[in-house]
Each structure stands twice: as C-alpha cells, then as structure tokens.
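**Q** Numbering (my numbering), first residue to last: 8 to 272. Where a beta carbon is used, it is the ideal one built from N, C-alpha and C, also for glycine. Owing to the predicted nature of the structure, the values given are computational and were not obtained by experimental measurement.
1. Mark residue 8 as exposed unless 16 or more other C-beta atoms lie within 10 angstroms of its C-beta, in which case mark it buried.
2. Helix, strand or coil: how does DSSP classify residue 103 here?
3. In this structure, does DSSP put residue 178 in helix, strand or coil?
4. What ranges does the alpha helix (DSSP H) occupy inside the region 195 to 271, keeping only unbroken runs of at least 4 residues that lie completely in it?
5. DSSP three-state call for residue 44: helix, strand or coil?
6. I'd like to know if the region 27 to 45 and the region 192 to 203 are in contact, where contact means that at least 3 CB-CB pairs between them fall below 8 Å.
7. Within its chain, find whatever has a CB closer than 6 Å to the CB of residue 145; leave out the 5 residues flanking it on each side and keep chain order.
8. One question on the structure: do residue 51 and residue 226 come within less than 7 Å of each other, judged by their Cβ atoms?
9. DSSP three-state call for residue 72: helix, strand or coil?
10. DSSP beta-bridge partners for residue 29?
11. Short check: CB of residue 170 to CB of residue 133, under 7 Å?
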C-alpha cells in the first residue's frame, strides 16, 4: 500500500506541476530549481517580503532553507511562514547547520514553532540539535548516524506536530502514525553539495500534491541516486545524471527499486 501511495504521488506531481516557493541558500538555488523542474514541478526562488503574500496565495508549498542565513533573511523567512499558514500551505524546514551556531539553532526553532503544517528535513546532527540534544557536527555535515537521531525525531513530531525526514546512509521518515526506513541511495551522493537541500525541495513538491509525510521524496531521490551512481564516474557526472534520472523515472522502476520497511506504526 505504501509503495502504491509513493508511485501515485510521483504521477500527481507530474500531472499537477505544483509551484514551490523556495527561500533557500545561494549555494543550491540552481541545483534545487533544476531538480524541481526535472521531477515535473515548478520552482520559484522568491525572497522579497513585498511579493510573498501573493506568492503563497497560489503556490503549493514553501521551502525554508537556512543554509546562507543572515539577519536580513530571518524576517523574510518568518513572514513567508506566516503567509503559508494564512493560506493553509505546508512549510518544509531545512535547518542547515543547526547546532553549528546559536543563530542557526534559534532560527530553526523559531520557524518550527511558527509553522502550522510542518515537515522538517535534516541530517541526523541537525535533527538532534533542533531537538536540543547533543549532536556532533562540523558546519552542515552530519557526524551522527541516522538511527541515533530517531529519539530526537520523535520529540520533534510531538513538539511541533511535524513530520520529520532524517536523511543519511539510511533515511527515516517519522510521523505521528509510523516510522518508515529507506535503504536506497548511494555513498557518492554526499560528495555532491546540496543533496539534502534537493531532497527538501522535492519534499515540498510532493507536499503540494498531498503527500505530506516526506516519504515519497526520500524514496524518489534515493532510487534516482542509485540509478545515477551506476552510470557516473564521480560526483560531477552524478549531479547531472541525477537530474536526468529524476526526469526519466517511471512508476514501475520506482516500485521495483524501493527498499523500505515500516518499523513501527
């Protein structure tokens, strides 16, 4: 049943072509916009408060990614979340580097508190830090494994009414109803900057068509990463091939490749 829901969500994204508003970092704007286009969604990198109310009135979902955070961005982000709330739209929070600085940690928690409909997508260290547990990190890179972040994810689900996606060698998707374990992906993927940010953008595209857990996006990117790695000589070609495979992925291949397990419900 879960596999069928994931494949149906892929079809829905391609049919509905949802608009995803992204307040995201300078490093990954091109990557994430191209990934959204490749999967069939429509990206817009909007950062101005002056147009955000209009944007969120017709957009499908909002991404808040704090990767290149500064004091000018924070009020724009909080205002965008308020507009998403006013229009009943899902907010995907990517707490990049949460735990690496007080500014990043406090801002992540402020956005999480503010959002009415929230998906949090981070690596294990970011999820642990957001939950106010001890995390090992160096900037935006995780030094913790995904499985030890599960207790932090359960806390965040209760604290913020959120769904939580822990990305890593193994992905976990934690909701109030169940926890799903995904073992797709490839060891080369962390060698490409912005893979997590790409997952956050795709998560918003799926949320915009009603798949609000994060599991479909994690499944799709994991499978695509595996397929792309089989054809790539290194990280440079992997990045390009992932875009191609996002565009080419079909329901049958997705269902056949998926390695998922519901570990509690």
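**A** Walking through what the data contain:
1. To locate residue 8, count along the chain shown from 1; it is residue 1. Residue 8 is exposed by the Cβ-count criterion.
2. As a first step, residue 103 is located in the chain shown; it is residue number 96 there, counting from the start. Under the three-state reduction of DSSP output, residue 103 falls in the coil class, being neither helix nor strand.
3. Residue mapping note: residue 178 aligns to position 171 of the chain shown, counting from 1. Residue state for residue 178 is assigned as strand, using DSSP reduced to three classes.
4. Here the runs fully enclosed are 202 to 215, 222 to 236, 242 to 255 and 258 to 264.
5. Walking along the chain shown from the start, residue 44 turns up at place 37. The three-state secondary structure of residue 44, taken from DSSP, is helix.
6. Taking 8 Å as the limit for Cβ pairs, the verdict is that the region 192 to 203 does touch the region 27 to 45.
7. Against the chain shown, residue 145 aligns to sequence position 138. Note that residue 145 has pLDDT 47, beneath the 50 cutoff, so the model's placement of it is unreliable and the number below is only indicative. A distance below 6 Å between beta-carbons, with the five flanking residues on each side excluded, links residue 145 to no residue of its chain.
8. Taking the chain shown and counting its residues from 1, the one referred to as residue 51 is at position 44. Taking the chain shown and counting its residues from 1, the one referred to as residue 226 is at position 219. Note that the C-beta distance between residue 51 and residue 226 is not below 7 Å.
9. On the chain shown, residue 72 is found 65 positions in, with the first residue counted as 1. Three-state result, residue 72: strand.
10. By 1-based counting over the chain shown, the position of residue 29 is 22. Per DSSP, 70.
11. Taking the chain shown and counting its residues from 1, one reaches residue 170 at position 163. Taking the chain shown and counting its residues from 1, one reaches residue 133 at position 126. No; because the gap between Cβ atoms is not below 7 Å, this pair is not in contact.
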